[in-house]
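Data first, discussion second: the structure below is written as structure tokens.
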Amino acid sequence: MSRRTRMLGSDAILRALEHEGVEVAFGIPGGAILPTYDAMARGTSVRHVLARHEQGAGHMAEGYARASGRVGVAIATSGPGATNLVTPIADAWMDSTPLVCITGQVRSSLIGTDAFQETDATGITMPIVKHSWLVQDIEELPQVMKAAFHVARTGRQGPVLVDVAKDVQEAEFEFEYPDEVDLPGWKPPRKVHPKQVREAAQAILAAQRPIVYAGGGVLNADACAELLRLVESARLPAVVTLMGKGCLPDSHPLNYGPPGMHGSKYANWALNKSDLVIAVGTRFDDRVTGKVSAFAPGAQVIHFDIDAAEVGKIRHADIPVVGPLSIALSELTGELERAREGRAPVHEPWLRQVEDWREQFPFRYTKVDGVLKPQTAVETLRDLAATRTEDVVWTTGVGQHQMWAMQYLVCDQPRSFITSGGLGTMGYGVPAAVGAKAARPDATVVCVDGDGCFQMTCQELATAALERLPIVAVVLNNGWLGMVRQWQEMFYDERFAQTHLTHAVPDYAMLAEAYGCAGFTVDSEDDLEATLAAAFEAGRTAVVDVRCDPEEKCFPMVPAGAAAVDVIESDDEGVRI
Amino acid sequence: MSTHTISVRLENKPGALARVSQLFSRRGYNIQSLAVGPTERPDISRLTLRVDCSEHSLEQIEKQMHKLVNVLRVTELRPDEAIERELALVTVSVPPDRRADLVALSQVAGARVADIGRDAITFEFVGRPDQLEAFEELIRPYGVRELVRTGRVGLRRPSASGRSSTPSVQQV
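Quick mapping for you: the protein sequence lines, in order, are chains V and G.
For the first sequence, our numbering begins at 17 and goes up steadily by one.
For the second sequence, our numbering begins at 5 and goes up steadily by one.
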């Protein structure tokens, strides 16, 4: 408990961050937030990383949060500063990433007058934050800061916004950081109902074809160890979504990898032909389910989640279990072990079936002499990462390259695969990597990016270089907006409208050098391994321009509106809809 | 799909109402009527909403509302478990020679005269929603110039006990 100390509002913001244990914040100063930056200059233990665009700062805060499990903090000024944070806030909203965004606001007396750089930040972000505060009374500031962090990190995690009027930052008061937060309307569950756990255990023991369907919530809940114990103890096969990658080791024999639109055929079959879906920290997103009415038609559903609103939202939950995952999963494992009384599981034939499917339908692509396939680059990265002694943390942009990264990278540790799932934000990769590096300075952080994505936020190479947060950015450069091009080829009669970015500009290696980073170009498989290894060893931010085949399409694929079980395995199946 | 009445206790703070109504609009639920005001505690408001949706959507709405930090409690007010009232002010055109008829008729219906002008009368009606509908039907042929309704407000009947079918002592 801090003693009451007289100080300015701007100092109070920094003291509050320090009380919350914030080690790093990402942002860009401006008029309305100047007093707070002055407080930083006068002394704080919080490290500030200066970005080159507030969107970059926001995605850095997200990457930081996903890599560390801590709350990410982004700071911006009013007006355009705040609106530039909208995309990262929406991204954090969709992927449940804990973020506290602090924006300056014009003086209280000017609010509502269309003042210079005034925007209604709380109004604009209302649908995409868990909660927000406009602080016009300095006495509220300490409680608001405490509440902001509490809301961001508890229950289903997510973004919050604190908009602080400039005169509040400049005012003086007696600061005392509260010990407790007073939010009568925010009481996330802290335990699960034992009856629900017992029912779930009974259903699992009786199931002939059970499957675990695990998502990002397991990572958010830090419940990976509990999930592993459950899966091993009950010998349950598991599929793991894009957002959940790493919650179970990819190399674990019971991990059948991603289902869904670009998941494997065997994962889609395992999920859709099951008789019991054990959903854990996941939300039956349309990318996974395909046509909802055709999803896992023969299965009962057990749904474990901290957010009651997700349970039954898309698919009826026969057994809902609402509460913290780590508690729920460990109680379930205990209950299963007790109830089983040492008997062997009854679903051995199912385990063999799913394993057969995996052997029959692996991820595959056709190599062509003299053509560098993007999947080859990802496989080479995978093999290179396996030789490293330090942790490797991956981030991606959004598109074909992201799907190949999901399919081919092997992530055995939690918080080693950081991607934009729900919002699908192109340009996420580079800034998220910078943020992840700030959280995990001893890890090698690699951004697998597309050329379309890279161009959206590559200005943050400056941040990586000057803030000494070196990353490796591998641009799978096919000269196109690859995923959009794929849809145009498959569904729009090859009418390629506005997707040809070309290889003409920029020269990515030169661009990297212009930013004081190491630039590499590779267009042949022969040079791939050596170039990527050199990039890993560069000792500073490295950008590798991998010129690869634009015709390569991402398979398997469940076309939009199709049943997931009707997954198309390859181009040979000749689908044109 | 039908119309449901939801009663929400929420913190009486700036933005709280906006958050609730925005929750509805962004998820595509149509609010038919909305009435809000302070409760027995000045720092807590009660919001009574009428919304068109299915049972499943209603469950979703309630759960989504509970996630809002300002929302303290959400309950559905089922017609048999609640006391519901609404107030309407209606200005009706009436030539002087028909005035007496209309005033008499409205008194029988339970409305009060709020104002009389040269060629129009404003009535005030407070009652159960079905009574209000009936009164509106009654005076419509006379020519309604303007009408304003507060939207329904409701409280759970003290006499209602869970889902039991015990008849209430005083059904008004």
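Yeah, the Cβ is synthetic: ideal placement off N, Cα and C, and Gly gets one too.
With a cut-off of 8 Å on the beta carbons, I'd call residue i and residue j a contact; round off their distance for me.
i                 : j                 : result
GLN152 of chain V : GLY25 of chain V  : Not confirmed; about 11 Å, so no contact.
THR441 of chain V : THR141 of chain V : The pair is not a contact, with the Cβ atoms about 16 Å apart (cut-off 8 Å).
ARG89 of chain G  : VAL157 of chain G : 6 Å
ASP565 of chain V : THR537 of chain V : Not quite, the Cβ-Cβ distance comes to about 16 Å (not below 8 Å), so this is no contact.
TYR444 of chain V : VAL414 of chain V : 7 Å
LEU235 of chain V : PRO447 of chain V : Not a contact, Cβ separation roughly 20 Å.
HIS332 of chain V : VAL308 of chain V : Contact doesn't hold; Cβ gap of about 11 Å is too wide.
GLU39 of chain V  : ALA217 of chain V : Rounded, the Cβ-Cβ distance is 41 Å, inconsistent with contact.
ILE49 of chain V  : GLY120 of chain V : 3 Å
LEU150 of chain V : THR138 of chain V : 5 Å
ALA86 of chain G  : THR9 of chain G   : 7 Å
Quick one: which chain G residues come within Cβ less than 8 Å of residue i?
i                 : result
GLY201 of chain V : LEU14, GLU15, LEU72, VAL73, ASN74, VAL75, LEU76
ALA325 of chain V : GLN64, LYS67, GLN68, HIS70, LYS71
VAL167 of chain V : VAL73
Would you mind sorting residue i into buried or exposed? The rule is 16 or more other CB atoms within 10 Å of its CB.
i                 : result
ALA7 of chain V   : The structure shown does not extend to residue 7 of chain V, since chain V is modelled only from 17 to 593, so the question has no answer here.
PRO171 of chain G : Model confidence at PRO171 of chain G stands at a pLDDT of 42, short of 50, so the residue's coordinates are unreliable; what they give is reported in the following sentence. Per the 10 Å Cβ criterion, exposed.
PHE571 of chain V : buried
VAL384 of chain V : exposed
ASP323 of chain V : buried
THR7 of chain G   : exposed
GLU155 of chain V : exposed
ARG303 of chain V : buried
GLU16 of chain V  : The shown model of chain V, from 17 to 593, leaves out residue 16 of chain V, and the question about it has no answer.
ASN271 of chain V : buried
VAL362 of chain V : exposed
PHE139 of chain G : buried
LEU66 of chain V  : exposed
MET472 of chain V : buried
MET5 of chain G   : exposed
GLY88 of chain V  : buried
ALA59 of chain V  : Looking at the sequence provided, one finds Gly at residue 59 of chain V rather than Ala. The residue is exposed, with fewer than 16 neighbouring Cβ atoms inside 10 Å.
TYR80 of chain V  : buried
ASN34 of chain G  : exposed
VAL461 of chain V : buried
Considering only C-alpha positions, which residue in the set the options is nearest to residue i?
i                 : options                                : result
ARG31 of chain G  : G:LEU21, G:GLN64, G:PRO100, G:GLY158   : G:GLN64
CYS533 of chain V : V:THR557, V:ARG299, V:TYR272           : V:THR557
GLY47 of chain V  : V:LEU101, V:GLU36, V:ASP27, V:GLY97    : V:GLY97
GLY114 of chain G : G:LEU38, G:VAL130, G:VAL75, G:PRO46    : G:VAL130
SER37 of chain G  : G:ALA108, G:VAL112, G:ALA92, G:LEU14   : G:ALA92
GLN224 of chain V : V:LYS203, V:ASP291, V:GLY171, V:GLY233 : V:ASP291
LYS342 of chain V : V:LEU243, V:ASP428, V:GLY314           : The question names Lys, but residue 342 of chain V is Ser in the sequence shown. The residue with the shortest Cα to Cα distance from SER342 of chain V is V:LEU243.
THR604 of chain V : V:ALA283, V:TRP496, V:THR473           : For chain V, the structure presents residues 17 to 593; residue 604 of chain V sits outside this window and is missing.
SER61 of chain G  : G:ALA138, G:GLU80, G:ASP123            : G:GLU80
TYR53 of chain V  : V:GLY88, V:ILE118, V:GLY466            : V:ILE118
GLN504 of chain V : V:ARG484, V:HIS516, V:ALA28            : V:HIS516
GLU357 of chain V : V:SER249, V:TRP202, V:ARG22            : V:SER249
ARG206 of chain V : V:HIS417, V:GLU395, V:THR170, V:GLY233 : V:THR170
SER61 of chain V  : V:ALA81, V:HIS69, V:HIS35, V:GLY85     : V:HIS35
VAL122 of chain V : V:ASP136, V:VAL583, V:THR473, V:ALA315 : V:ASP136
CYS474 of chain V : V:ALA455, V:GLN133, V:VAL450, V:PRO269 : V:VAL450
GLU150 of chain G : G:GLN135, G:ALA138, G:PHE127           : G:PHE127
ASP5 of chain V   : V:ASP107, V:MET161, V:GLU406           : Limits of chain V in this structure are 17 at one end and 593 at the other, which puts residue 5 of chain V out of reach.
THR99 of chain V  : V:ARG404, V:GLN71, V:SER112            : V:GLN71
LEU51 of chain G  : G:MET69, G:VAL107, G:ILE125, G:PRO162  : G:MET69
ARG144 of chain G : G:LEU53, G:ALA118, G:LYS71, G:VAL96    : G:VAL96
MET499 of chain V : V:LEU425, V:HIS417, V:ASP179           : V:HIS417
Name the chain V residues whose beta carbon is nearer than 8 Å to that of residue i?
i                : result
ARG30 of chain G : PRO143
GLN26 of chain G : MET142, PRO143
Just the chain V side, please: which residues come within less than 7 Å of residue i by C-beta, in chain order?
i                : result
SER23 of chain G : According to the sequence displayed, residue 23 of chain G carries Arg and not Ser. Those are MET142, listed as they occur along chain V.
Chain G partners of residue i, CB-CB under 7 Å?
i                 : result
HIS147 of chain V : VAL73
LYS329 of chain V : GLN64
THR138 of chain V : GLY19
Cβ closer than 9 Å: which chain V residues qualify as neighbours of residue i?
i                 : result
GLN111 of chain G : Chain V residues near GLN111 of chain G: none, gap ~45 Å exceeds 9 Å.
Continuous beta strand (DSSP E) assignments of at least 3 residues falling wholly in the segment 100 to 187 of chain V: 115 to 121, 147 to 151, 175 to 181
Secondary structure, alpha helix (DSSP H): runs of 4+ residues fully inside the segment 207 to 250 of chain V: 210 to 222, 232 to 236, 240 to 250
Complete runs of the alpha helix (DSSP H) confined to the segment 56 to 132 of chain G [at least 4 residues]: 59 to 71, 103 to 113
Unbroken stretches of the alpha helix (DSSP H), 4 residues or longer, contained in the segment 507 to 551 of chain V: 524 to 530
In chain order, each beta strand (DSSP E) run of at least 3 residues that lies wholly inside the segment 249 to 305 of chain V: 254 to 256, 292 to 296
In chain order, each beta strand (DSSP E) run of at least 3 residues that lies wholly inside the segment 54 to 78 of chain V: 63 to 66
Ranges of the beta strand (DSSP E) found wholly within the segment 387 to 475 of chain V, counting only runs of at least 3: 408 to 412, 460 to 466
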